[in-house]
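According to the numbering used here, numbering within the sequence shown proceeds without interruption in unit steps and concludes at 623. Below you'll find the structure, written out as structure tokens, and then a few comments.
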Amino acid sequence: MLTNLMTRIDQAAAAGKLTADSPKNLKDWLSRACLAQYQPRIQEMILSDQWKQLDEMFWTAIPFGTGGRRGPMGEMGPATINDRTIAESADGMARYLRANGCPEGGSAVIAHDSRNNSPHFARITAVTFAAHGLRVYLFESHRSTPELSYAVRKLGCNIGVMISASHNPPADNGFKAYWSNGGQVIAPHDKGIIREVERAESIPAVDFAQAVAQGDIQVIGSEVDGPYISEVARLSLSSNRKISAVFTPLHGVGETSVYAVVRAAGFDQVDIFEPHREADGNFPNVPKHLPNPENLDVFDPVVKWVQETGHPAELILASDPDADRLGVMVRNSSGGFTALSGNQVGSLLTDYVFRKRKASGKFSPKDYVVETLVTTPLTKAIAEHHGGRAFSELLVGFKFIAQTIEEQGPEHFLFGTEESIGFLAGDYCRDKDAAVAALFILELAAELKASGRNLLQQLDDLYEICGYHCEGQKSIYCEGPTGKAKIDGLMKTLREKPPTQFGPVRFVEVRDYQTGKKTSLPSGDSAGTITNPRGDLLIYVSDPASPVRIQIAGRPSGTEPKIKFYFFCQSDLSPGTPLAQARAAGDSVMKEVQSALGTWAAQQLAD
Numbered sequence: 017m018l019t020n021l022m023t024r025i026d027q028a029a030a031a032g033k034l035t036a037d038s039p040k041n042l043k044d045w046l047s048r049a050c051l052a053q054y055q056p057r058i059q060e061m062i063l064s065d066q067w068k069q070l071d072e073m074f075w076t077a078i079p080f081g082t083g084g085r086r087g088p089m090g091e092m093g094p095a096t097i098n099d100r101t102i103a104e105s106a107d108g109m110a111r112y113l114r115a116n117g118c119p120e121g122g123s124a125v126i127a128h129d130s131r132n133n134s135p136h137f138a139r140i141t142a143v144t145f146a147a148h149g150l151r152v153y154l155f156e157s158h159r160s161t162p163e164l165s166y167a168v169r170k171l172g173c174n175i176g177v178m179i180s181a182s183h184n185p186p187a188d189n190g191f192k193a194y195w196s197n198g199g200q201v202i203a204p205h206d207k208g209i210i211r212e213v214e215r216a217e218s219i220p221a222v223d224f225a226q227a228v229a230q231g232d233i234q235v236i237g238s239e240v241d242g243p244y245i246s247e248v249a250r251l252s253l254s255s256n257r258k259i260s261a262v263f264t265p266l267h268g269v270g271e272t273s274v275y276a277v278v279r280a281a282g283f284d285q286v287d288i289f290e291p292h293r294e295a296d297g298n299f300p301n302v303p304k305h306l307p308n309p310e311n312l313d314v315f316d317p318v319v320k321w322v323q324e325t326g327h328p329a330e331l332i333l334a335s336d337p338d339a340d341r342l343g344v345m346v347r348n349s350s351g352g353f354t355a356l357s358g359n360q361v362g363s364l365l366t367d368y369v370f371r372k373r374k375a376s377g378k379f380s381p382k383d384y385v386v387e388t389l390v391t392t393p394l395t396k397a398i399a400e401h402h403g404g405r406a407f408s409e410l411l412v413g414f415k416f417i418a419q420t421i422e423e424q425g426p427e428h429f430l431f432g433t434e435e436s437i438g439f440l441a442g443d444y445c446r447d448k449d450a451a452v453a454a455l456f457i458l459e460l461a462a463e464l465k466a467s468g469r470n471l472l473q474q475l476d477d478l479y480e481i482c483g484y485h486c487e488g489q490k491s492i493y494c495e496g497p498t499g500k501a502k503i504d505g506l507m508k509t510l511r512e513k514p515p516t517q518f519g520p521v522r523f524v525e526v527r528d529y530q531t532g533k534k535t536s537l538p539s540g541d542s543a544g545t546i547t548n549p550r551g552d553l554l555i556y557v558s559d560p561a562s563p564v565r566i567q568i569a570g571r572p573s574g575t576e577p578k579i580k581f582y583f584f585c586q587s588d589l590s591p592g593t594p595l596a597q598a599r600a601a602g603d604s605v606m607k608e609v610q611s612a613l614g615t616w617a618a619q620q621l622a623d
């Protein structure tokens, strides 16, 4: 029978019914004794020619990306999140820990969000860790990712795990791995863990109830919640609380962190949006069931409710399902609401923390902020305007911001920001936190309101000082088993045959952070080298002498089947130039460049 099944797999591959690594992975799962429980089902699907479903479950092995291991849930297969892939992840993490500095003893803490199957996957992780001899702390119910990071540090754990797929669709879930500093795992730990995952055979487990009774698994909750909420609230930089807002957790865990913190900090005019309040992994009342605060559709029900009820909200805040990211909308002069991008919120809060640091008399030129290579240059300009430092040569992923805090020390760390609405202040955790971002943006808005101004006017003031900056994004999706090949091909073209112009903008240099090469365009001559950081990222740079300058960054996503392009435009304000003129020039060029790149990418994928 096994020979027959292997032959059928080969025939399906030859006929194009199985793609990528599906044939190899299917044969692997059919022949390994440790996967015996799945083999009858695989046999059944092969004999009934369910090749499409098999291809979707076996075409790849979900890797550790910028946000850990994340993907669609399924009944089996290395291309889905299921009991086996979660157990493999936990087993590999424990084995790596045992081989790297913790041969015995040690502890781990586990949390999960509101997604479907998250509690189940958290228990699988717990019983696997306990079987490896780790003392396990398991949150009693859903909690935020930043509280998990905080718990790793507070409880002195060696590792931590968050079961979450962040802002992904309801069908997805994931395994976020954390090291002893409370930050997501980085090299060499990430690659070391995945090597152990790939070697997984029989995975040990203990009985959950028995482990709890024996104290090997300790269920935790309020004893961590209270200190976490207090530590975030203590980061307050202002006593002004006169601001009205509405907060939506988008059916996630935000009530346990964001809402708890702002209420503890004294913001009694912040209301929670009831239709999004219940923790529910199907995200039933979120438009299209896509709980991503970067997607402005999620705000529509809240805006409609505010307008219909006459609620006096001056801000609308939204956190994603694991409450590590925060979206912000501000009431505008016409009575509607204007969305602030992650870059804009980060810039406003960077200026806020520097001003407050100076007002406290504690400012030092050593004070610094941290951002990634795909976050707005305005952040660095603001830091330098205040006489502080900015670390911006970082790859995508908040774990690299956490790494910089470790390297530079937390004493002078003021703020961390990334374009994808992730923010952090303080020393209590090492991952982005919607709670501290909500605290700061409410304080800033309240202070501005007291002087008759708002966040949009404050942003314009920053543009007057540092030049007009605008940013944009475009994602090129390539889904399914053939998606990765398309993504790889597009990145290869961008590297080997770099386009020299998009719309009206000519590019004079491309920086390849994978090869470490800087190349002049169009000549192709070397323009220098990059030693650090190194990763799969390209940045195209326009003429620095132009009054309107453009940068485009492109990279394959570490967690989703797409290439993300980031656009940055700076339009200088020469003496006497009205902001409106600089804004119009920058926005116009940005729009043309984005459109031209989209057309180019579509042509490349069609060829």
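We treat Cβ as the ideally placed atom computed from N, Cα and C, and that holds for glycine.
- Taking Phe518 as the centre and dropping the five residues before and after it, the same chain places the C-beta of Val609, Ala612 and Leu613 closer than 6 Å to its C-beta, in chain order.
- Look at the segment 67 to 137 and you find these whole runs of beta strand (DSSP E), each 3 residues long or longer: 85 to 88 and 123 to 128.
- For His205, the enclosing alpha helix (DSSP H) starts and ends at His205 to Glu214.
- Ser590 counts as exposed, since fewer than 16 other C-beta atoms from the protein chains shown sit within 10 angstroms of its C-beta.
- With 16 or more other Cβ atoms from the protein chains shown falling within 10 Å of its own Cβ, Glu576 counts as buried.
- Considering only Lys533, Pro186 and Ile245, the residue with the shortest C-alpha distance to Leu455 is Ile245.
- Rounded to whole angstroms, Ala49 and Val222 show a C-alpha spacing of 20 Å.
- Thr433 carries a strand assignment under DSSP once its states are collapsed to helix, strand and coil.
- The beta carbon of Ala598 sits closer than 6 Å to those of Tyr484, Ser587 and Leu589, all from its chain and outside the five residues before and after it, given in chain order.
- A direct Cα-Cα distance of roughly 22 Å separates Ile209 from Lys40.
- Within the same chain, Ser380, Lys382, Asp383 and Tyr384 come within 7 Å of His428 by CB-CB distance, once the 5 residues on both sides are set aside.
- With contact defined as three or more Cβ pairs closer than 8 Å, the segment 221 to 235 and the segment 295 to 315 are not in contact.
- In terms of Cβ geometry, Leu113 and Asn174 form a close pair [threshold 8 Å].
- DSSP links Lys578 through a beta bridge to Tyr493.
- A check of alpha carbon separations from Trp67 across Leu34, Leu506 and Glu495 identifies Leu34 as the nearest.
- Closest in C-alpha terms to Ser160, from the list Ile179, Leu251 and Pro186, comes Ile179.
- Cα atoms of Cys494 and Tyr444: separation of roughly 38 Å, rounded to the nearest angstrom.
- Going by DSSP, Ala30 is part of no beta strand (DSSP E) but of the alpha helix (DSSP H) stretching over Leu18 to Ala30.
- At least 8 Å separates the beta-carbon of Ser182 from that of His267.
- For the 8 Å CB-CB criterion, Tyr194 and Gly176 form a contact.
- The residues Ala106, Ile126 and Val177, in chain order, have a CB closer than 6 Å to that of Thr141 in the same chain once the five nearest residues on each side in sequence are set aside.
- Judged by pairs of C-beta atoms under 8 Å, the segment 501 to 511 does not touch the segment 400 to 418, as fewer than three such pairs exist.
- The Cβ atoms of Val286 and Ala451 do not sit closer than 8 Å to each other.
- Note: Ile566 is bridge-paired with Cys585 in the DSSP secondary-structure output.
- The three-state reading of DSSP puts Gln234 in strand, counting E and B together.
- For the pair Leu537 and Val524, the CB atoms are nearer than the 8 Å cut-off.
- Comparing alpha carbon positions, the residue from Gly570, Ser260, Ala103 and Phe353 closest to Ala329 is Ser260.
- Here DSSP, grouped into helix, strand and coil, assigns Arg469 to coil.
- The criterion of a C-beta distance shorter than 8 Å is satisfied by Met89 and Asn189.
- By alpha-carbon distance to Ile202, the top candidate from Asp447, Met92 and Ala147 is Asp447.
- Apart from the 5 residues on each side of it in sequence, Ala28 sits with its Cβ closer than 6 Å to the Cβ of Leu34 and Trp67 in its chain, given in chain order.
- Residue environment analysis places Lys372 among the buried positions, since at least 16 neighbouring C-beta atoms fall within 10 angstroms of its C-beta.
- For Gln200 and Ser47, the gap between their C-alpha atoms comes out near 34 Å.
- Annotation: the continuous beta strand (DSSP E) that includes Ser335 extends over Leu331 to Ser335.
- Non-local C-beta neighbours of Cys486 in its own chain, meaning closer than 7 Å and more than five positions away in sequence, comprise Cys585, Gly602, Asp603 and Met606, ordered along the chain.
- Note on Lys258: under 16 other CB atoms within 10 angstroms of its CB, so exposed under the neighbour-count rule.
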